[in-house]
Amino acid sequence: MTESSIIRITGPVVEADRMRGAQMYEVVFVGKDELIGEIIGLQNDTATIQVYEDTTGITPGESVKRSKMPLSVELGPGLLEMIYDGIQRPLTELGEISGDFIVRGVSAPALSREKKFHFTPSLSEGDEISGGAVIGSVPETKQILHRILLPPNLSGMVERIAGEGEYTVEETILWIRDATGTVQELTMLQRWPVRVPRPIQSKLPAIRPLITGQRVIDSFFPIVQGGTAAVPGPFGAGKTVVQHQLAKWCDADIIVYVGCGERGNEMADVLRQFPALVDPKTKEPLMKRTVLIGNTSNMPVAAREASVYTGITIAEYYRDMGYSVALMADSTSRWAEAMREISGRLEEMPGEHGYPAYLGSRLADFYERAGRVKTLSGEEGSVSVIGAVSPPGGDFSEPVTQNTLRIVRVFWALDADLAHQRHFPAVNWLLSYSLYSDLVAPWWEKHGGSEWGKMRLDLLALLQKESELEEIVQLVGPDLLPEEDKFTLNVAAILRESFLVQSAFDPVDTFCPPGKQYRMMTLIHRYYRLGRRAVRGMTAAEIQKLPVTARLSRLGPMPHEEFESFYTKVYDEIVNAFPGGED
Amino acid sequence: MPPLREFQSVVRVAGPILAVSGIDDAGYNEVVKVLLPDGTIRAGQVLESRKGMAIVMVFGGTRDLDCDITAVRFTGRPMTMPVSKEMLGRIFSGSAEPIDGGGSVVPEKEMEISGYAINPTKREFPQDSIETGISAIDGMNTLVRGQKLPVFSGSGLPHSFLAAQITRQARVRGTDESFAVVFAAMGITHEEARFFIEEFSETGARAHAVIFLNRADDPAIERIVTPRLALTAAEYLAFDLGMHVLVVMQDITAYCEALREVSAAREEIPARRGYPGYMYTDLASLYERAGRVKGRPGSITQLPILSMPDDDITHPVPDLTGYITEGQIVLSRELHRKGIYPPIDVLPCLSRLMQGGIGEGRTRADHASVSSQLYAAYARGRRLSGLVAVIGDEGLTDVDRLYLTFLDRFEHEFVGQKRDEGRSFDETLDRAWELLSIFPKDELRRIDPKYIDDYYRGGTG
Ligand SMILES: Nc1ncnc2c1ncn2[C@@H]1O[C@H](COP(=O)(O)OP(=O)(O)OP(=O)(O)O)[C@@H](O)[C@H]1O
Ligand SMILES: [Mg+2]
C-alpha cells in the first residue's frame, strides 16, 4: 500500500491524498512531528484534515498516518481536578515535558497510567449485564464515588471480575462474554467519541432549580438542573464572572468548565482560586469537583472547535453515574468562529456573517446534549449547560446569539450600560427571561416561602414600571411626577442597588443562600406594598427619610448570621414605620 | 523543513501576494527572500503550500516585482530574529533592521517571532499594581504588571501624550527592579514617531528602550511582522533576562488594515467590514503574549494603542481587541473638547485585573469601595446632565444638583491633571474622598460604612 501524504497546507487545514478507506472524524497523525488531526472532509481518496496543533514548517509530501479511531476522550477515574486542552491533552503534564510554553508534537495520556485507584466490584460471576450497568466503584474524591459503568454498546455475562483492591486504569477488571461468545477484557479506562452523545434511557422533565447563589439568577431568572442558559453580552459586561460564579457556587455535583478561545489569565485565575475555595455544600475544595478544559485564544483554533465536545462528553460521563453536572462554555462564539475559520479554509458556501450554513444545527446538537435524564442503569442524572455568547459590537441580532436563543430556555442578557455604572451582575432585567420560573416555583415555596411567585412578579413589574416612568422623567423631569410614582422610583432604586447588585468579589455577598434571597425580597416587597399605601398621606421624600429606608441598603454584604435577627427586626420596623401598618 | 531552494517562477502577483510554481515542498509559514530585478531583497512568508505551488505574502509589498526575473528563495526556516541585551537603546525598522546608524546586533539567541503560547498552568496570575500617576487609571482602572490594557482613541486625541506619560511615570511601589520599554510603531506619522523618541531621550528612558518603527510611508504589509518582532524582543528581555517590560504598540488599527489587505488579496470570505474571520485569533496571538510566568522574575505589560475609526467602539478593531484584552482605557472627544487632559471617559473603561491588585497591603483598603462609588455617582451625574440638557434644571431635586456639581468637579479635578503631574495612589484616593464628600453620607451606598469614619470629610449629612 502506498503511503498517504500531504498535498496542501493552509493554516490549520491540511489535505492529504491516498487516503482511501479513511472515515469522517477519524484521527490522523500529520507530518514528521505526528501532529494530531481529524478528518473533516473526504472526496475520492483525498482527505481534508483539521490539525489540532500549529502547522508551521509542514511541507507537502510529508506523511499522514491513520489511527482508525474517531476523535475520542479517555474516561475513567482521575478526571477530576485535571486541566486539559481542547483535545484532552493534560496541560500540567505537558508543562512537565515541554516547559512554560506549549510546543508542537508533545503528548501525554489524559489519565495517569501509574496511579492506582481503590476498586470495589459490584457484580459477581454469572451476572447478566447490559450497557450502562455499574461494574464497580472507586472513591475518586471524598465526595465523588466514581462508578465504573459497562460501555453503552456492550452486554453479556460476567465471566470474571476483579476483587476489591488497587488497580491502575489499564488493568483488566472485568471479563465479559458477549453475545457472540467472545470474552472481552475491560479496564477502568474507556473511550468515547466526542461528537456522539452518550446514550440514555430517556429524558426527564426538569424539576429542581440549579441554585447559584446569585440573586438575579435564582430569584428572577432561574435555571434548572438539566437546563440550558445563554449569557450574551459585549466585552467586559461580565460573562466570564457569571460563569466563574456559577462554577464556584452552583449546587451541581460536578463542574466541567470549558475556557474556549478566551484568556490565559482567566484559566490561571481559576487554577489559583478553586483549590483554595470551599464548596458550601460539601466543605471540600471546589477543585475536587471540577474538570477544566482550557483552550485559550492563542492556542490552535481547531482544538478550540473540539473543546466544547470534549467538555460535554466528560459531563455526560459523570451524568451517567447519576450525578448532576453543570457545564460552562466560555465562549461559544469562539467555538462558532473556529467553525467559521475552518469552513472558510474548506471554501464552503458561507451563510450569514460568513458562518457556515450548519451553524444553527451544530449549536442545537450541542445544547441538546443537556438535560435531566434516566441513565441506562436507571439512575437519574443531569447535565446543565450555560454558554457565554460574545456578539460582535454587542449586537444581539447576530447569528450566534440568534441561533442560541432559539434553543436555550434561559437568557441572561448582559448590558454594557449597567456594566459601565458598575451595576454587577449586569443582567438586564427587562430583556432577560427564564422559561423555568413556573417549574421552580414549588421548590421555592417549599424552601423559601409561599409568597415567592407573587413577590417575584410584583418586583419584576416594579422594574418594568420604573422604566416607563424613566421615559416620562426624560420629558418632564422628576419633580412633576405624582408622589406615588416618585415612591415607585425610589423603591426600584433600592431593589436595584441592594438586591440586584451583587459583587462577586465581596467575601460574603459572592454567594447568597436561597433563604436569605427570599428574606431580602420579602423586606423590599413589604416596604413597597406598605409604602405605596402610605404615600397617599406622606410624600415620597418623607418616606425616603425614614430610618427604615436606610436599613434596606447594603443587605447583601451583611454576614448571613447577622442577617437573621436583622430581618426579624426590620420586618417589624417596616410595619410600624407606616401609618396603617399591616394589611 | 528542507534547506535553501530558489525558483524563478513567479506566476501571479496580486496585491501583497505572489504565487510561485514548481515548488513541491514549501513549508507552511516558511520564510522566503524575494530577489527583485534591481537586486533588492524583500522578505516574505508562505501562506499556503501545495505540490507545485506556494502562495507567498511579501512584507515589503509587490511593487516592482515581475514574473520573469524576480527570484524567490525559500530559506527552509520559520521566521526568527536575533535577540540580545544590546537591543536596549536601539532603533530598528519595522522588520528589525537597525536604522539608528549603529551596527547590527550581535545575537545571543535566535527566537521564532510567532512565539509559543504560554501554558495556562504556568501563568502567574498578575497582581502587582502599577502606579501610573494618573488618577482615572490608578483610582478606577488600576493597571497591573503582566496585564494587556489598550488605549482606545481617535484621530487627533492625545493618546501619544498619555502613553508617554504612563511610560515615564509608571512604577511599582516598593520595588526598584530593572525595567524596559519596547515600542512598536505601525503606520504612525514621522511626527508621532519623533515625539516618542524625543520623549524617551529626554526622560532617560531611551537607554532602556527598544524601538521598532514602521511609519505611515513604510510598506504596509511589514506591519504584520513589526509587533511580533517587538513582542519577541520583549519576551527575551522579560523571560530570559528577568526584566519588567512595558510594550507600547501603536497603531493596532493600521496593523489590522494590513491583515485585511492580505485577506482581500487572497479573496477570503470576510467577517465584518472586510476584516478577515480569523482576526480575533490573530490579535489574540499578539495580546496573549502579555503576562507573567511562574518562577520567572520578569513580566510583559502591554499598552496597545488603537484609533477607533469614526470614534466607533463597535468597529471590529476595538471590538475584537476588547474581547481579548484585560480591559481598556477609552478616550473621549467630548472631554477633549472641554479641555480636559487626559480625556479619559471612565464609564466604558475597565481593568479586569484591578481587583487582585488593589486593597489593603497593595494600594489601600478603601480602594474598591471608592472606585465603585465614583462609578455610580459619575454615571448618575451623566444621566442627570443629559436630562438637564432636555428639560432644564428646574425639575431637579437638591440631591440631583449635588450630582451635577460632582460631575463637573470629577471631570476637572479627578480625571483632569497636568501632563507632568504624577499622583500617588494615596493622593488619588484622597482626591476622590474630597469629591465624594460633596454628598451626604447616606448617598454613599456603595461604600463600606467602616471607611466613612476614616475618610469622609463632609458635614454630618
Ligand atoms: N458580579 C460581579 N461583581 C463584581 N464585578 C464584576 C461582576 N461581574 C463583572 N464584574 C467586573 O466586570 C469585569 C468584566 O467582566 P468579565 O471579564 O466577566 O466580562 P466578559 O463579559 O467575560 O468580557 P469578555 O467578553 O471580554 O470576556 C470584571 O473584571 C469585573 O471587574
Ligand atoms: Mg469573558
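The listed protein sequences derive, respectively, from chains H and S.
Per this note's numbering: the first sequence ends with 583, consecutive numbering throughout.
Per this note's numbering: the second sequence ends with 1044, consecutive numbering throughout.
All C-beta atoms in this analysis are idealised placements derived from N, C-alpha and C, irrespective of residue type, glycine included.
Predicted, not measured: the structure shown is a model, and the values here were computed from it.
Expected contact under 8 Å - CB spacing of Ala-768(S) and Asn-797(S) to nearest Å:
6 Å
Given the structure, does Thr-240(H) come close to ligand 1, in the sense that its CB is under 7 Å from one of the ligand's heavy atoms?
yes
Pull up the CB-CB distance for Gln-23(H) and Gly-37(H), whole angstroms please, since I reckon it's below 8 Å.
About 13 Å separates the two Cβ atoms, so there is no contact after all.
For a contact defined as C-beta to C-beta under 8 Å, what are the partners of Lys-634(S) on chain H?
Ile-7, Arg-8, Pro-60 and Gly-61
Where does Asp-218(H) fall in DSSP's three states?
helix
Would you mind listing the beta strand (DSSP E) stretches within the segment 757-838 of chain S that are 3+ residues and don't spill past its ends, in chain order?
762-771, 792-798 and 827-833
Between Ile-927(S) and Val-808(S), which are expected to be in contact by the criterion C-beta below 8 Å, what is the C-beta distance as a whole number of angstroms?
About 32 Å separates the two Cβ atoms, so there is no contact after all.
Between the segment 277-311 of chain H and chain S, which residues of the former have CB atoms less than 7 Å from a CB of the latter, in chain order?
Gly-294, Thr-296, Ser-297, Asn-298, Met-299 and Val-301
Contact set for Arg-1029(S): own chain, Cβ-Cβ below 6 Å, skip 5 residues either direction
Ser-955, Gln-956 and Ala-959
Starting from Gly-394(H), find everything on chain S with Cβ-Cβ shorter than 7 Å and list it in chain order.
Thr-897
Below 8 Å on C-beta distance, what does Val-876(S) contact in chain H?
Asp-100
Is Arg-1002(S) helix, strand or coil by DSSP?
coil
May I ask you to check if the CB of Glu-432(H) is nearer than 7 Å to at least one heavy atom of ligand 1?
Strictly speaking, residue 432(H) in this sequence is Ser, with Glu absent from that position. No, the beta carbon of Ser-432(H) sits no closer than 7 Å to any heavy atom of ligand 1.
Between Glu-470(H), Gly-556(H), Gly-371(H) and Ala-534(H), which lies nearest to Phe-578(H) when the distance is taken from Cα to Cα?
Ala-534(H)
Presumed contact (8 Å Cβ cut-off) between Arg-18(H) and Ser-5(H), rounded CB distance:
7 Å
Cβ neighbour criterion (16 or more within 10 Å) applied to Lys-68(H)
exposed
Tell me whether His-525(H) is buried or exposed, calling it buried when 16 or more other Cβ atoms sit within 10 Å of its Cβ.
buried
Spell out whether any CB of chain H is found under 8 Å from the CB atom of Gln-885(S).
no
Give the C-beta separation of Val-831(S) and His-791(S) to the nearest angstrom, bearing in mind that I take them to be a contact with Cβ-Cβ under 8 Å.
Between His-791(S) and Val-831(S) the Cβ distance is about 13 Å, and since that is not below 8 Å, they are no contact.
Report the residue ranges of all beta strand (DSSP E) runs contained in full by the segment 873-958 of chain S; include only those spanning at least 3 residues, in chain order.
882-890 and 910-913
Count the other C-beta atoms from every protein chain shown that fall within 10 angstroms of the C-beta of Pro-859(S), then say buried if there are 16 or more, exposed otherwise.
buried
Considering only the alpha carbon of each residue, which of Lys-516(H), Ala-47(H), Phe-101(H) and Asp-33(H) lies closest to Gly-264(H)?
Phe-101(H)
Are Glu-714(S) and Phe-1008(S) touching if we call contact CB-CB under 8 Å?
yes
Coarse secondary structure for Glu-501(H), derived from DSSP in three states
It is worth fixing the name first, because residue 501(H) is Val in this sequence and not Glu. Val-501(H): coil per DSSP, three-state reduction.
Out of curiosity, what's the CA-to-CA distance linking Asp-976(S) and Arg-1014(S)?
27 Å
Contact set between the segment 903-935 of chain S and chain H, restricted to residues whose Cβ is under 9 Å from the partner:
Leu-903, Thr-904, Gly-905, Tyr-906, Ile-907, Thr-908, Glu-909, Gly-910, Gln-911, Val-929, Leu-930, Pro-931, Cys-932, Leu-933 and Arg-935
Indicate whether at least one CB of chain H lies closer than 8 Å to the CB of Thr-946(S).
no
Is the segment 223-242 of chain H touching the segment 321-334 of chain H in the sense that three or more CB pairs, one from each, lie closer than 8 Å?
yes
Could you tell me if the beta carbon of Glu-262(H) falls within a distance shorter than 7 Å of some heavy atom in ligand 2?
yes
Counting only C-beta atoms, is Lys-1001(S) closer than 8 Å to chain H at any point?
no
In angstroms, rounded to a whole number, what distance separates the CA positions of Ala-336(H) and Gln-911(S)?
25 Å
Chain S beta carbons: is any one of them nearer than 8 Å to that of Gly-233(H)?
no
N-terminal and C-terminal residue of the beta strand (DSSP E) that His-146(H) is part of
145-149
Contacting positions in the segment 835-859 of chain S - beta carbon closer than 8 Å to chain H
Glu-851, Ile-852, Pro-853, Ala-854 and Arg-855
Roughly how many angstroms separate the alpha carbons of Gln-591(S) and Ser-632(S), rounded to a whole number?
17 Å
Contact test: Glu-330(H) Cβ vs ligand 2 heavy atom, cutoff 7 Å:
Just to set this straight, residue 330(H) is Asp in the shown sequence, not Glu. Result yes, Cβ under 7 Å from ligand 2.
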